[in-house]
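*Asks:* Just passing along the structure, written as C-alpha cells.
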Amino acid sequence: MGGANISFRNIVKFFEADQRPVLNSVNLEIKASEVICIVGPSGCGKTTLLNVLAGFEQISHGACDVDGRAVAGAGPDRGFVFQKPTLYPWMTMWQNVTLGARVAGRRERQYRAGAENLLQQTGLTDYVRHFPYQISGGMAQRAQLVRVLLSEPKVMLMDEPFGALDYQTRLSMHRLLMELHGKHKPTIVFITHDVDEAVFLADRVIVMSQRPGTVIADLKIDLPRPRALHEMATPQFGAYKEEILSLLGFH
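So in UniProt numbering, spot 39 of the sequence shown is number 39, and the numbers just go up one at a time.
Here it is, written out as C-alpha cells:
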C-alpha cells in the first residue's frame, strides 16, 4: 500500500459565525508512512485540522497537499477512522467491512482475498456473519480499521478512535494498529488526548497551542519499533511524557 507525503502550509481556518480563527498559521510536513500523533487542549483545532486533510473542511488561507496535490475534497487516498465505529446495524460484519469496496464498484473476486486476510489479521474471521449489536466495542473498531484498510488508502486519519474503549482493549488496539502499520505502511495522522497513547504510537508527537491552534512543538519519538508495552515504564518514555505535559501547561 505505502504512504503519502503531507504538507500543511500557513493553514488558517475561520468559521463563519466566529471572527476568531480556530487554526492560525499551522505549518507541518509529514513524510510518507510516518505515524504522527497530535495532542493539544480541547477546542484547539485538532479535529478541524484532520477534517481539512480529509477534505471535509475548506481552509480560509494557506495550502494542504497530499503527495504534492492540493486537497480539494474527500478522496479514496485518505481513509477516516472515527471516534465511534460507523457500522450499519442492518448489515453483517462482512457487509460492513466490504461496503467501501462495493460502493467503489469492485467485484467480490477483486476484494475477497484482501478482506479475508485483514479479517484474519484483526481476529474477526469467526464473526463475519454477526451484526454490530452482537460484537464488542473493540471488535467494532477493528471492523472499522478493516474497512478503511481494504480501500488501500495512502493516509489513515484517526480521530481519537480508541478513546471510548476500556484500558485493556485500548492497549490491544495499540498493538494491532502498529502491526497493521508495519504490514501496510500507510501514513497515519492520529488525534488523541492521551499522552501515553501518543508517545507509544508516534514517530513524532505534534503539540498544539490553545485556540487559535498552531504547532508549538514537533517532538521526534526515538523509541525502537516494534514497541513493547514495557517501554512505557522506561525513563526515556517518561521523559517524553513529561516534556509533552509541560508544553501543555502541566508543570
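The C-beta atom is built at its ideal place from N, Cα and C for all residues, glycine as well. Since the model is a prediction, treat every value here as computed from it, not as a measurement.
1) By the three-class DSSP mapping on this structure, what secondary structure does S246 have?
2) Check this for me: beta carbons of N27 and V12, under 8 angstroms apart or not?
3) What number of angstroms, rounded off, separates the C-alpha of A233 from the C-alpha of V71?
4) F15 bridges to which residues according to DSSP?
5) Measuring CA to CA, which of H181, R204, Q141 is closest to L165?
6) Between Q110 and A101, what straight-line distance do the alpha-carbon atoms span, to the nearest angstrom?
7) Quick one: give me the first and last residue of the alpha helix (DSSP H) that R175 is part of.
8) Here's a check: name, in chain order, each residue in its chain whose Cβ is nearer than 7 angstroms to the Cβ of L245, leaving out the five neighbours to either side.
9) At the level of alpha carbons, what is the spacing between S7 and G249?
10) Please state the DSSP three-state secondary structure of G114.
11) Please give the ranges of any beta strand (DSSP E) in the region 191-235, keeping only runs that are unbroken, at least 3 residues long and fully inside the region.
12) Excluding sequence positions up to five away, which residues of its chain have a Cβ less than 8 angstroms from the Cβ of V82?
13) Sort out for me which residues DSSP pairs F56 with in a bridge.
14) What residue does the beta strand (DSSP E) around R78 start on, and which one ends it?
15) Going by C-alpha distance, which of W94, E231, N10, G73 is nearest F62?
16) In three-state terms, what does DSSP make of E29?
17) From the DSSP output, in three-state form, read off T86 for me.
18) When we look at the beta-carbon of P85 and count the other beta-carbons within 10 Å, is it buried (16 or more) or exposed?
19) Would you list the one or two residues that DSSP bridges to I135?
20) Please classify R211: is it buried, with 16 or more other beta-carbons within 10 angstroms of its beta-carbon, or exposed?
21) In the DSSP output, which residue or residues are listed as bridge partners for H130?
22) Distance, Cα to Cα, I206 vs P76?
23) The beta strand (DSSP E) spanning M158 covers which residue range?
24) With a cut-off of 8 angstroms, do at least 3 Cβ pairs link the region 189-204 to the region 223-238?
*Replies:* Answer, in terms of the structure:
1) It is helical.
2) V12 sits away from N27, with the two beta carbons spaced by 8 angstroms or more.
3) In this structure, the straight-line span from the alpha carbon of A233 to that of V71 is close to 40 angstroms.
4) DSSP, once it has assigned bridges, lists D18 as partnering F15.
5) Of the candidates H181, R204, Q141, the one whose C-alpha sits nearest the C-alpha of L165 is Q141.
6) About 9 angstroms.
7) R175 -> alpha helix (DSSP H) spans 167-184.
8) Only V195 meet the Cβ criterion.
9) S7 and G249: Cα-Cα distance of roughly 27 angstroms.
10) G114 sits in a helix when the DSSP states are folded into three classes.
11) Here the runs fully enclosed are 204-208, 215-220.
12) Contrary to the premise, residue 82 reads as Phe rather than Val in this sequence. Hits under 8 angstroms: Q144, D159, P161.
13) F56 is not bridged to any residue.
14) 78-81 is the extent of the beta strand (DSSP E) around R78.
15) With the sequence shown as reference, residue 62 is identified as Gly, and Phe is not the correct amino acid for it. Closest option to G62, Cα to Cα, is N10.
16) In the structure shown, the three-state DSSP call for E29 is strand.
17) Coil at T86, not helix or strand.
18) Of the other Cβ atoms in all chains shown, 16 or more fall within 10 Å of the Cβ of P85; this residue is therefore buried.
19) Within the DSSP bridge table, the entry for I135 names no partner.
20) Under the 10 Å beta carbon count, R211 is surrounded by 16 or more other beta carbons and is classified as buried.
21) For H130, which the question treats as bridged, DSSP gives no partner whatsoever.
22) A direct Cα-to-Cα measurement between I206 and P76 gives close to 25 angstroms.
23) Taken as a continuous stretch (DSSP letters only), the beta strand (DSSP E) holding M158 covers 155-159.
24) At 8 angstroms Cβ cutoff, the stretches touch.
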